[in-house]
Amino acid sequence: MDKQIREKLASLREQIRYHNHRYHVLDDPEISDAAYDRLFRELSDLERAHPELIIPDSPTQRVGAGPHETFTPVRHGMAMLSLENAFNKKELVDFDTRIRNFLGFDAVLSYTVEPKIDGVAVELVYEKGALTVASTRGDGTVGENITQNVKTILSVPLTLTRRQDDPPLPELLEVRGEVYMETEAFEKLNQQRLRDNLSPFANPRNAAAG
13 MDKQIREKLA SLREQIRYHN HRYHVLDDPE ISDAAYDRLF RELSDLERAH
63 PELIIPDSPT QRVGAGPHET FTPVRHGMAM LSLENAFNKK ELVDFDTRIR
113 NFLGFDAVLS YTVEPKIDGV AVELVYEKGA LTVASTRGDG TVGENITQNV
163 KTILSVPLTL TRRQDDPPLP ELLEVRGEVY METEAFEKLN QQRLRDNLSP
213 FANPRNAAAG
């Protein structure tokens with residue numbers, strides 16, 4: 013019986029992770045919200061009946077404790093550098109010079125330019141495929157531990173998965189990116205804050221950081 017329960021738990025967790033990815037990352041859900049809720053409820057009920065079988069990266073553990081409001085320092089394995097603004101041709105040329113000097117590279121560099129998402133820089137650390145630490149950029153050397161908060165972002169996987177033909181997962185993977193809020197979600201949040209007699213956030217980046 014214990015083996016059957018473990019297998020059922022593993023199956024439910026795998027299904028929920030798959031559908032989370034389809035919905036929150038690919039924006040292409042395969043099942044209805046009601047069907048997803050039934051899967052999640054089944055997993056929650058089974059874990060509640062067998063709390064000794066709950067694992068840290070179960071989908072039920074993602075948002076249960078809520079975000080933390082106090083943070084401990086985290087030292088980055090490598091410095092998280094910040095981009096600087098460039099408003100004219102000279103500043104762009106100076107930027108190129110600094111990059112080539114930093115790399116010890118005299119040849120002409122090619123750049124890919126894209127719009128910048130104005131969010132909050134974060135680092136995610138995965139060890140053996142499991143999310144262990146999420147942190148802010150901070151001063152570039154030491155940031156703040158926001159692991160519990162990042163777990164509430166459903167597009168962030170708690171466990172990395174690989175397809176059959178993919179290379180093995182690395183022992184250590186550090187992922188850096190931006191946490192941001194889309195305009196529509198930002199507007200809905202501010203509308204709700206006004207209804208709750210709270211002051212609205214100034215902009216999406218301010219809301220994401222908050």
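Numbering (our numbering), first residue to last: 13 to 222. Glycine is no exception: its CB is placed at the ideal position from the N, C-alpha and C atoms.
Contact with chain C by residue i, beta-carbon distance below 8 Å
| i | result |
| --- | --- |
| Arg217 | Included in the structure is just one protein chain, with no chain C present. |
Secondary structure of residue i, DSSP reduced to three states
| i | result |
| --- | --- |
| Asn32 | helix |
| Ala219 | helix |
| Leu24 | helix |
| Leu121 | coil |
| Asp14 | helix |
| Phe198 | helix |
| Leu210 | coil |
| Gln204 | helix |
CA nearest to the CA of residue i, picked from the options
| i | options | result |
| --- | --- | --- |
| Ser167 | Leu184, Gln16, Leu136, Leu51 | Leu136 |
| Phe52 | Thr171, Ala61, Gln27 | Gln27 |
| Glu194 | Leu55, Asn202, Lys140 | Asn202 |
| Leu24 | Asp208, Arg50, Asn215 | Arg50 |
| Thr159 | Leu38, Thr82, His62 | Thr82 |
Distance between beta carbons of residue j and residue i, contact taken as under 8 Å
| i | j | result |
| --- | --- | --- |
| Ser94 | Gly155 | Incorrect: roughly 12 Å between the Cβ atoms, too far for contact. |
| Asn157 | Thr84 | 5 Å |
| Gly141 | Leu184 | With 8 Å as the limit, Gly141 and Leu184 do not qualify as a contact, their Cβ atoms being about 10 Å apart. |
How do the region 122–130 and the region 54–69 stand: do at least 3 beta-carbon pairs fall below 8 Å, yes or no?
no
For the region 31–118, list the beta strand (DSSP E) runs that are entirely contained and at least 3 residues long, ordered along the chain.
85–87
For the region 137–149 against the region 168–177, do three or more pairs of beta-carbon atoms, one drawn from each stretch, fall closer than 8 Å, so that the two count as touching?
Touching, yes.
Counting only runs that start and end within the region 110–194, where is the alpha helix (DSSP H) found for 4 or more residues in a row?
159–162
Would you call the region 199–214 and the region 95–115 touching, i.e. three or more CB-CB distances under 8 Å?
no
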